[in-house]
Amino acid sequence: MSNTSVSAIKVETEIIGNMSGEVVLDLPYAWVNATYYKQIKNVKLEYPIGKLQLRNQDSNEAILNTGKINIIRLSYEIYQKTGNPCDIHEAIVRQNLIHSPGYGLFATPGDLNGNDIVAFNIEWNNIPDSWKTISDYGLGKSVKFKAMPIELYSVVYVAGDLRVYKIVDQKNPVYLSLHGQFDLKDEEIVSYINKIIKEQRTFFHDNDFPYYLISLIEGNQPRHMGGTGLTHSFTAFIPQGLDKQDYITLLAHEHLHNWTGKKIRNNLERLNYWWSEGFTNYYSRVLALRSSVITLEEFVEEFNKFFENYYLSPVINEPNNLIETDYWQDYAVQRLPYYRGFVLALYLDNFIENNKSKSLDNVMLDLFKTSKEQEFSSDYFKKIVKNYVPKGIDKEINEYIEQGKTIDLANVAKVLSIEKITMGAYDRGFDRDALINNYTIKNIDENSNAYKSELRNGDIVIKYDFPKCGSPDQIVTINTIKGEFQFRPESANKKDIYRFKPTLSKEDKLKIKKFFNS
């Protein structure tokens, strides 16, 4: 650790093997939205004595020329990025926390093959005695393991002021590492994770997890949270100001990816996000209901959020092939497969139940049972479903997924208490950043409900309340020095959407429980 004004760590790497001639070493570079090469300084070749040449300024390739040697030692420093980010894809280096995926920490030989099995020995040195350390490979300041390169990189390494809990059972331990403050008590988070994991493993009849880690750190942006699944772990950042459902849905979603996308491999990534993300959203909530982690009322609320997000999406009819090309250009396109797949899962669940005394559960379990031999594809998915729906679902997949036609839940509405209504998309009506950062109303739209409530540009805000974040189905309250203003943040451009009815009878609730086998 460095005591400079900007926190830093020094990484010392020793590479053992037979080497000669031009040797290329891959330094940490980038992963997802993180750019690690910008954080690395003072790269030094310790042995053999000589110089490392970077291929270019923004390259992660360090080159040396040497005679026959069997060991290389190099060191470099990793500095905290400007802005002190909390995103778990970043290499976070603070005075009380080091938290990074392996992508942001380690240098490896450039000629490593992806399938090579390599012996790794990782040690934490010169850190405070009070710190705890943990990774996908265990607790303790020293871990040794043999793995492929991806199993070095796709791992979270954490050291610092941590609260570590052992949960689930002794045979297959699951560790929870917490850093920072959260809206829920530690014991509540432990309890929810325990129930989530047990229900998901029971559903798949799969306890083949010798070890598992969940690392949560406090986020610093309101309502902005995220997570990612790694080799034997998932990690997430969660800001204060969230409720129980936010925690549960994030934790359940990320843990379910151990099957949807990992054990049941999705090698086409974005083209199959309708399944690997959409069905994960669906089953994370269905299984949470079955395990009583969420109530029926919370379950219905979650479904209505997805109905709103899907039917009010500005890109609802985007064809699947364009999701691949437009994914990073448009946030609405990024989110579409999450919503579309969720609604399709409900549609198919009902479709299968109408044709046979089975459900979508059977399809998911069949995908898992054959996952070692067969990765996920839409063709294989259709083949599995045909075991339960003899006429198949080629038409549905082609229309709703490939072409992007709007999914019609009219048949589901005959079984569950779902209704069709009209609703406009979420429309705040003024600049978000000016409200959050400066407590000021700016760039107000004269056609918006905010304007109709008599809010005006330049109004100084004392406090505000958006009970349902980005939903149009709420009443927003804004208190300014002029008084209190309330409005519904909804566009005047209405669309048809489905939703669970706002008032459910006892019989309605029993139908929901029966349908979802809860």
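Residue numbers (UniProt numbering): 1 to 518.
Yeah, the Cβ is synthetic: ideal placement off N, Cα and C, and Gly gets one too.
Please read all numbers here as calculations on a predicted model, not as lab measurements.
(message) Can you confirm whether the stretch 468–487 touches the stretch 436–454 when touching is taken to mean that 3 or more C-beta pairs between the two stretches lie within less than 8 Å?
(response) yes
(request) Take Ile352 as the anchor and find which of Tyr388, Leu152, Gly21 has the nearest alpha-carbon. (result) Tyr388
(message) Once DSSP output is grouped into helix, strand and coil, what is the label at Gln507?
(response) For the record, residue 507 in the displayed sequence is Glu; it is not Gln. If DSSP states are grouped into helix, strand and coil, Glu507 belongs with the helices.
(request) Using the Cα positions of Tyr417 and Asn317, report the straight-line distance between them to the nearest angstrom. (result) With the sequence shown as reference, residue 417 is identified as Ser, and Tyr is not the correct amino acid for it. Approximately 26 Å between the Cα atoms of the pair.
(message) If I follow the unbroken alpha helix (DSSP H) through Ile444, where does it start and stop?
(response) Careful: Ile444 lies outside any alpha helix (DSSP H) and carries neither H nor E.
(message) Alpha carbons only, please: which of Ile384, Ala147, Ala410, Glu402 is nearest the one belonging to Glu324?
(response) Glu402
(request) Tell me where the beta strand (DSSP E) around Val412 begins and ends. (result) That residue, Val412, is in no beta strand (DSSP E); its alpha helix (DSSP H) goes 410–413.
(message) Considering Cα atoms alone, identify which of Asp326, Asn355, Ser313, Lys356 is closest to Tyr339.
(response) Ser313
(request) State buried or exposed for Asn272, treating a residue as buried only when at least 16 other CB atoms are found within 10 Å of its CB. (result) buried
(message) Taking the straight line between their C-alpha atoms, what separation do you get for Ile441 and Gly104?
(response) 40 Å
(message) Once the 5 residues before and after Val11 are set aside, which same chain residues still bring their CB inside 8 Å of it?
(response) Ser75, Tyr76, Glu77, Ile78, Leu105, Phe106, Ala107
(request) List the endpoints of the continuous alpha helix (DSSP H) containing Gln486. (result) From DSSP, Gln486 is part of no alpha helix (DSSP H) but of the beta strand (DSSP E) over 483–487.
(message) In whole angstroms, give me the CA-to-CA distance for Lys44 and Ser359.
(response) 59 Å
(message) I'd like to confirm the pairing. Which residues does DSSP put opposite Phe145 in its beta bridges?
(response) Phe120
(message) Pull the bridge partners of Met19 from the DSSP assignment, please.
(response) Ile69
(message) I need the DSSP call for Tyr47, collapsed to helix, strand or coil.
(response) strand
(message) So within the UniProt domain "Peptidase M61 catalytic" (248–312), which uninterrupted alpha helix (DSSP H) runs reach at least 4 residues, ignoring any that extend past its ends?
(response) 273–276, 278–290, 296–311
(request) Could you check if Tyr310 is buried or exposed, using at least 16 other CB atoms within 10 Å of its CB as the buried criterion? (result) buried
(request) Please classify Arg163: is it buried, with 16 or more other beta-carbons within 10 angstroms of its beta-carbon, or exposed? (result) exposed
(request) Could you check what DSSP says for Ile150 in three-state terms: helix, strand or coil? (result) helix
(message) Which residue wins for smallest C-alpha separation from Ala8, given the options Met19, Asp58, Ile127, Asp116?
(response) Ile127
(message) Out of Asp183, Lys68, Lys41, Leu344, which one is the CA nearest neighbour of Thr280?
(response) Leu344
(request) May I have the straight-line CA-CA distance separating Leu242 from Asn266, to the nearest angstrom? (result) 31 Å
(request) For Ile196, count neighbouring Cβ atoms within 10 angstroms of its own Cβ and tell me buried if that reaches 16, exposed if not. (result) buried
(message) For Ile286 and Gln245, I'd like the C-alpha separation in whole angstroms.
(response) The residue you asked about is not Ile; residue 286 is Val in the sequence shown. Cα to Cα, Val286 sits roughly 13 Å from Gln245.
(request) Give the single residue among Ile63, Lys383, Ser59 whose Cα lies nearest to the Cα of Pro48. (result) Ile63
(message) In whole angstroms, give me the CA-to-CA distance for Gly114 and Phe306.
(response) 38 Å
(request) For Thr406, I'd like the list of residues in its chain whose CB is within less than 7 Å of its CB, leaving aside the five on either flank, ordered along the chain. (result) Ile316, Asn317
(message) Distance check for Val363 and Val385, CA to CA, integer angstroms please.
(response) 6 Å
(message) I need the boundaries of the alpha helix (DSSP H) containing Val385, first residue and last residue.
(response) 378–385
(message) For Ile117 and Lys146, which I take to be in contact (beta-carbon distance under 8 Å), what is that distance rounded to the nearest angstrom?
(response) 6 Å
(message) Just to confirm, is the Cβ distance from Ile134 to Leu213 under 8 Å?
(response) yes
(message) Determine whether the beta carbon atoms of Ala290 and Glu188 lie at a separation below 8 Å.
(response) Reading off the sequence shown, one finds Arg at residue 290, where the question assumed Ala. For Arg290 and Glu188, no; Cβs fall outside 8 Å.
(message) Rounded to the nearest angstrom, what separates Asn60 and Phe203 at their Cα positions?
(response) 43 Å
(message) Can you list, in chain order, the residues of its chain with a C-beta nearer than 6 Å to that of Ser2? Leave out the 5 residues immediately preceding and following it.
(response) Unreliable placement is indicated for Ser2, whose pLDDT of 48 sits below 50; the coordinate value is still reported in the next sentence. Hits under 6 Å: Ala8.
(request) Excluding the 5 residues preceding and the 5 following Asp330 in the sequence, name in chain order all residues of the same chain whose CB lies nearer than 8 Å to its CB. (result) Val315
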